[in-house]
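Taken in order, these protein sequences are the chains called B and E. Throughout the first sequence, residue numbering follows this note's numbering, covering 1 to 294 in sequence. Throughout the second sequence, residue numbering follows this note's numbering, covering 1001 to 1362 in sequence. Ideal Cβ placement from N, Cα and C applies to all residues, glycine included.
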Amino acid sequence: MQATPANAAGLRVDEKLERMKLFGLSSPALLLVLIILVIPVGWLFFVSFLGGDGQFSLENYQRMVARKSYMRIFRTTFEVSVITTGLCILIGYPLAYFLSQVPPRIANLCMITVLLPFWTSLLVRTYAWLVLLQKQGLINDWAIGLGLWDEPIKMVHNMTGTLIGMVHIMLPFLILPVYGSMKAIDRDYVKAAANLGASPRRAFWDVFFPLTMPGLFAGTLMVFILCLGFFVTPAVLGGGKVIMVSMKIVSNIELFVSWGAASALGVVLLGLTFAILWVASRFLKLDQIAGGGH
Amino acid sequence: MRSHDSDALPISIRGVTKTYGAVHALDDVSLEVRSGEFITLLGPSGSGKTTLLMVIAGFTRPDCGSLKFGEREVIRMPPHLRDLGMTFQSYALFPHMTVAGNVAYPLKLRKLPKDKIAERVEKALETVQLGGYGDRSITQLSGGQKQRVALARSIVFEPRILLMDEPLSALDKKLRDQMQIELRHLHEKLGMTTVYVTHDQREALTMSDRIAVVNKGRIMQLATPRELYERPANRFVADFIGDSTFLPVKRSGHLIEYRGVPLKFVDAPPETETLNLMVRPERIVLSPDGPREGANNFTATAVEVVYQGDSYLLHARLDDGTLIALRGGVRGASLSALPNVGDTVTLTLAPEDTVLIDGSEG
């Protein structure tokens, strides 16, 4: 069976045409990414290296290292992100587990309640928490009415309020991938573990939990990275006491009209995010190798 | 393989019922499995055979009934304390562990020392002909190898009872045939009481000491493969095991008649309301020389002749319109003597092969 040369050439052309068509179809999207992502980020990068006099300078970065306030802002940003992510895992993982175990009808209903806030405006949700948590808010009023505590508790315009709001907003980002990985686990695995002599607790930790790791990892990473750049919720619920990098960027532009300083902060945040992603991807690969060849 | 005590455990199931809404998945099922016996639960999908296995394993809680392993009542015991081996239809091998990790898992749970675990794992893998495969990842294995690993994992802790849920259904035919023989040999070697679930009648006939045919949550018949095939208890069993044609027959005094002609038979027919004559394609023969003395003869018209390599299949229509199948050998001259479509043929059934069964569906 040998194709004639003429035929082979024709087939090669077809192959090439097919590839070009595919490229043609995706080119609008590629162009869009180039215009709205690559060019502005490149410009941001460029501006961050311009001093007050418009010449090349590292002063924007030097300021970040020199001033204690900047370090504090980065520390706050990480603190808020780590605690929010941690709380999301603590609340989201059991909830996802529950959803994955109940009959589909109930699971779907619960899923809607998880996703409903996801579809409403971020601002609306944030201000709703303000209404609930403030001194004369619903929660304080009710708690005092019921005699749970006597004085209104300060739950907003501080770290507590910020965390409550952030956790609420981030939760779906953790639950969805974790739920996905849990649903993909064959129930026979847990049954097999039980059959081999594992108590429900052992079966969970030895078999179920390791198999949800990819989903948990993806969710954790997503929540953490979204937290790093979050603005609205800490700005509204933090009451100026929780200053994150994003807020400093805004004040640099709005108050000081210092595009250079703002850009430098943006670049550092972007760099940190990439660094975390890189470490995470290394970790993920290592995990796969350990899972496969251990 | 077993060092401390070599006795397998009998299983005693009494009056087990399980309903899902209005559906009886299991309807007052009782079954005694002798120690060391290889018993197969055979039935169509949805018959309740898997439910029964899951009750034995402890994954399905029945509404009522008793389950004993030996003398011990275990119906309320959680699955992880039942200490029985089981292979799943999906194999259920843990994908995040290696082959050795999977096989070692039940031993780790039993807190055996490390060197002992390694030794037993290797031995179990050798038993299933996978020696040296310990470091492989589960995803690297073929279906047949996965099946063997699942088997090794279920026998490595030397359970006295082994449950198997359609273990060979995902394998191709050749491998399945080979594994059937291997499983049978393994059972002879290890001697554990085995409950095997399948919907494949040939598999059941090949492997089992006894077969329980399950339908609609009830056991229709519990018998040896040979009894089951040759003396099915009712029409459902006869239909499910092997191919057959059923002819309605009538009781007339102490005679049994088919269309007014008394039948010659050896075994006494069951005392049931309706009676059927069960005709297996390989038991009825073509009689080129016309009706034969001392046998039951049927006149029919050849409808279709199918050559199948190792045999031929003849479909013929009886006078009353019933289509009857006949399987014949292809040795020697019989091939050229095959009837043509439309020929009138005489089919003969010897009295020993004339089996009268309960005509109900059970």
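So with CB distances below 8 angstroms, who are the chain E contacts of residue i?
i: Leu146/B; result: Near Leu146/B there are no residues of chain E at all, since even the closest Cβ is about 41 angstroms away, more than 8 angstroms.
Tell me whether residue i is buried or exposed, calling it buried when 16 or more other Cβ atoms sit within 10 Å of its Cβ.
i: Asp1358/E; result: buried
i: Glu1352/E; result: exposed
i: Glu1361/E; result: exposed
i: Cys1064/E; result: exposed
i: Phe151/B; result: Correcting the residue type first, residue 151/B is Glu in the shown sequence and not Phe. Exposed, because fewer than 16 other Cβ atoms sit within 10 Å of the Cβ of Glu151/B.
i: Leu196/B; result: buried
i: Ala1337/E; result: exposed
i: Pro1232/E; result: buried
i: Arg1235/E; result: buried
i: Asp53/B; result: exposed
i: Leu25/B; result: exposed
i: Ala290/B; result: Unreliable positioning characterises Ala290/B in this predicted model, as indicated by a pLDDT of 42, which lies under 50. The coordinate reading is nonetheless provided below. Exposed, because fewer than 16 other Cβ atoms sit within 10 Å of the Cβ of Ala290/B.
i: His294/B; result: With a pLDDT of 30 at His294/B, under the threshold of 50, the modelled position of this residue cannot be trusted; read the value that follows with caution. Exposed.
i: Arg1148/E; result: buried
i: Trp278/B; result: exposed
i: Glu1126/E; result: exposed
i: Val13/B; result: exposed
i: Lys1146/E; result: buried
i: Tyr1133/E; result: buried
Applying a beta-carbon distance threshold of less than 9 angstroms, which residues of chain E neighbour residue i?
i: Ser199/B; result: Pro1078, His1080, Leu1081 and Leu1109
i: Arg202/B; result: His1080 and Leu1109
Please classify residue i: does DSSP put it in a helix, a strand, or coil?
i: Ile276/B; result: helix
i: Met166/B; result: helix
i: Gln1221/E; result: strand
i: Arg1110/E; result: coil
i: Asn108/B; result: helix
i: Pro1262/E; result: strand
i: Asn1340/E; result: coil
i: Asn1276/E; result: strand
i: Thr1354/E; result: coil
i: Glu1411/E; result: With chain E running from 1001 to 1362 in the structure shown, residue 1411/E is simply not present.
i: Met1164/E; result: strand
i: Pro214/B; result: helix
i: Gly292/B; result: Model confidence at Gly292/B stands at a pLDDT of 38, short of 50, so the residue's coordinates are unreliable; what they give is reported in the following sentence. In the structure shown, Gly292/B sits in a helix (DSSP, three-state: H, G or I).
i: Leu1247/E; result: strand
i: Thr120/B; result: coil
i: Thr1017/E; result: strand
i: Ala1300/E; result: strand
i: Arg1028/E; result: A small correction: the amino acid at residue 1028/E is Asp; Arg does not occupy that position in the sequence shown. Strand, per DSSP.
i: Glu1271/E; result: coil
i: His1187/E; result: helix
i: Ala1212/E; result: strand
i: Thr1060/E; result: coil
i: Glu1282/E; result: coil
Anything in chain B within Cβ reach of residue i, meaning under 7 angstroms, just list it in chain order.
i: Tyr1105/E; result: Leu196
i: Ala1057/E; result: Asn195
In chain B, what lies closer than 9 angstroms to residue i by C-beta?
i: Arg1153/E; result: Ala192 and Leu196
i: Phe1094/E; result: Tyr189, Ala192, Ala193, Asp206, Val207, Pro210 and Leu211
So residue i contacts chain B; which residues on that side make the cut at Cβ distance below 8 angstroms?
i: Phe1088/E; result: Asp188, Lys191 and Ala192
Enumerate in chain order the residues of its own chain whose CB-to-CB distance from residue i is below 8 angstroms, with the five nearest sequence positions on each side excluded.
i: Ile1011/E; result: Leu1031, Glu1032, Val1033, Ile1056, Leu1067, Lys1068, Phe1069, Ile1161, Thr1193 and Val1195
i: Leu1107/E; result: Lys1116, Ile1117, Arg1120, Val1121, Val1156 and Phe1157
i: Ala1092/E; result: Ala1150
Using a Cβ-Cβ cutoff of less than 7 angstroms, which residues in the same chain neighbour residue i once the five nearest sequence positions on both sides are dropped?
i: Ala235/B; result: Met247
i: Ala1300/E; result: Ala1316, Arg1317, Leu1318, Ile1324, Val1345 and Leu1347
i: Arg1014/E; result: Ser1030, Gly1065 and Ser1066
i: Val65/B; result: none
i: Ala1223/E; result: Arg1210 and Ile1211
i: Val1279/E; result: Ser1244, Thr1245, Leu1247, Ile1324 and Leu1349
Return the chain-ordered list of same chain residues with a C-beta closer than 6 angstroms to the C-beta of residue i, the five sequence neighbours on each side being excluded.
i: Ser1003/E; result: In this prediction, Ser1003/E scores a pLDDT of 37, lower than 50, which makes its location untrustworthy; no coordinate-derived value is stated.
i: Gly1085/E; result: Ser1154, Ile1155, Pro1159 and Leu1162
i: Lys1049/E; result: Leu1041, Gly1043, Val1197 and Val1214
i: Pro1339/E; result: Ala1302 and Val1345
i: Leu216/B; result: Val178
i: Pro1270/E; result: Asp1358
Any beta carbon from chain C within less than 8 angstroms of residue i's own beta carbon?
i: Ser1336/E; result: Absent here is chain C; the protein component of the structure consists of chains B and E.
Quiz prompt | At least 3 beta-carbon pairs within less than 8 angstroms: the stretch 140 to 150 of chain B vs the stretch 173 to 185 of chain B | solution = No, the stretch 140 to 150 of chain B does not touch the stretch 173 to 185 of chain B.
Quiz item: Would you call the stretch 219 to 226 of chain B and the stretch 187 to 194 of chain B in contact, with 3 or more CB pairs under 8 angstroms?
Solution: The stretch 219 to 226 of chain B vs the stretch 187 to 194 of chain B: no contact.
Practice problem: Assess, as a yes-or-no matter, whether the stretch 249 to 259 of chain B is touched by the stretch 75 to 84 of chain B under the definition of 3 or more beta carbon pairs within less than 8 angstroms. | Solution: Output reads no: the stretch 249 to 259 of chain B does not touch the stretch 75 to 84 of chain B.
Quiz item: Given 8 angstroms as the limit, is there contact between the stretch 255 to 265 of chain B and the stretch 117 to 124 of chain B, that is, 3 or more CB pairs closer than that?
Solution: The stretch 255 to 265 of chain B is not in contact with the stretch 117 to 124 of chain B.
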